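Report on the structure given below.
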């Protein structure tokens with residue numbers, strides 16, 4: 074897993090790099106698409122034209138690699154929902170904490186910077 | 002225009018309402034904080050709510066990203082965001098007002114995209130639930146959705162959002178029919194979902210914003226998008242949508258209520274409600 078950046082901003086170039094991956098995750102708002110994705114994730118990724126790196130990140134649920142490959146959190150969160158993962162689970166991944174630690178940090182007023 | 006409401010639109014707020022969790026210890030402080038505003042709004046029912054919000058990759062994809070848009074439909078389906086649609090009523094539009102707003106804003110050089118079909122997501126339905134937690138079969142007002150791109154950088158500047166709000170206010174006031182209108186500015190407060198700063202909360206910035214949105218919105222409009230991202234987090238930039246609401250209200254306002262609570266999911270949540278004390282007519286008179 075790559076070292077996580079402080080901020081991921083979906084600029085136009087990230088939007089271009091991540092287009093296929095974001096479009097694929099966005100398609101999971103349709104229940105029939107969710108069923109097809111669950112039935113064969115690899116084939117579903119191929120149908121949406123994901124690069125080999127993007128496909129690997131999806132299949133391995135490498136949430137940080139997805140961002141590095143142009144994903145927006147608003148798209149990948151739909152994949153997290155398919156997995157019944159919460160944004161606390163993802164926050165824990167991005168910050169190297171357990172979900173319990175991340176949730177406790179939020180309950181304590183959130184994480185402060187600067 | 003009778004009032005303006007600024008409120009966070011975190012999806013978990015909708016889920017808490019939909020699953021009867023508002024009395025749980027996690028949620029009670031937030032919903033207790035809403036109570037005085039809800040009582041007041043229930044006594045001041047608008048005919049139409051103009052709701053300034055952003056879509057979260059549910060109706061607007063990466064194919065086409067308009068900076069500003071207005072829904073012009075007769076009704077708006079509630080979106081399935083990946084976990085099934087919220088169990089709330091469909092949203093009824095106000096297409097004649099939408100058309101008026103689009104025309105007036107284009108005449109003022111705001112080049113607005115129009116949505117004839119729009120599935121509305123938590124960005125719009127959660128603020129409706131904050132206003133009206135138990136709508137039964139129908140929401141108590143029609144809705145004009147006003148969309149702002151906050152997902153893709155570069156977002157519209159805060160200054161442009163404030164100016165859009167001022168033009169929106171003029172457009173609402175020039176509508177020839179006698180309608181009571183409320184304006185919602187949604188999103189925020191500080192939060193960041195991805196990256197090493199995930200979980201960011203900046204209460205100092207949030208408290209400053211909650212104060213200045215009433216007294217000095219120009220200072221908030223002067224902040225750059227980079228300021229918002231740095232101070233309030235990558236998703237905290239949603240706060241620029243509060244400035245659209247604030248611009249629409251004008252200067253003759255009174256704060257009815259506000260509340261601030263951390264955390265709601267990964268977010269600092271707030272509500273601020275302002276009564277419009279009188280629209281200034283074209284001849285300078287203040288009409289109640």
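Residue numbers (the numbering used here), protein chains in the order written: chain U, 74 to 187; chain Z, 2 to 289. We put the beta carbon where it would ideally sit given N, CA and C, even for glycine. Model, not experiment: these values are computed from the prediction.
49/Z is the residue among 36/Z, 49/Z, 264/Z and 198/Z whose C-alpha sits nearest the C-alpha of residue 142/Z. Residue pairing by DSSP places residue 76/Z opposite 93/Z in a beta bridge. The stretch 179-196 of chain Z makes contact with the stretch 259-271 of chain Z: 3 or more CB pairs, one atom from each, lie closer than 8 Å. Within the model, the alpha-carbon separation for residue 47/Z versus residue 182/U is close to 35 Å. Using a CB distance cut-off of 8 Å, residue 81/Z counts as an interface residue toward chain U. In this structure residue 66/Z is not in contact with residue 242/Z, their Cβ atoms being roughly 16 Å apart against a cut-off of 8 Å.
Every alpha helix (DSSP H) of 4 residues or more that sits fully in the stretch 113-187 of chain Z is shown, in chain order, as 123-132 and 159-174. Residue range 254-265 is occupied by the beta strand (DSSP E) that includes residue 256/Z. In terms of Cβ geometry, residue 106/Z and residue 172/Z form a close pair [threshold 8 Å].
Residue 247/Z sits close to residue 218/Z, with the two beta carbons spaced by under 8 Å. Where residue 272/Z is concerned, the enclosing beta strand (DSSP E) starts and stops at 268-277. Here DSSP, grouped into helix, strand and coil, assigns residue 4/Z to strand. With a cut-off of 8 Å on Cβ pairs, the stretch 82-100 of chain U is in contact with the stretch 127-145 of chain U, counting three or more such pairs. When Cβ-Cβ separations below 8 Å define contact, residue 272/Z makes no contact with chain U.
Of the candidates 232/Z, 43/Z, 199/Z and 138/Z, 138/Z places its Cα closest to the Cα of residue 92/Z.
The three-state secondary structure of residue 166/U, taken from DSSP, is helix.
With contacts defined as CB atoms closer than 8 Å, residue 186/Z and residue 7/Z qualify as a contacting pair. In this structure, the straight-line span from the alpha carbon of residue 69/Z to that of residue 82/Z is close to 21 Å. Judged by DSSP secondary structure, residue 61/Z falls outside any beta strand (DSSP E); it is assigned neither H nor E. Residue ranges of uninterrupted alpha helix (DSSP H) with 4 or more members, entirely inside the stretch 111-154 of chain U and ordered along the chain, are 114-120, 125-132 and 136-141. The Cβ of residue 165/Z sits no closer than 8 Å to any Cβ of chain U. For residue 52/Z, the enclosing beta strand (DSSP E) has its first and last residue at 49-54. The beta carbon of residue 157/Z sits closer than 8 Å to the beta carbons of 68, 69, 149, 150, 165 and 241 from its chain, once the five residues preceding and following it are set aside; these are given in chain order.
The three-state secondary structure of residue 46/Z, taken from DSSP, is coil.
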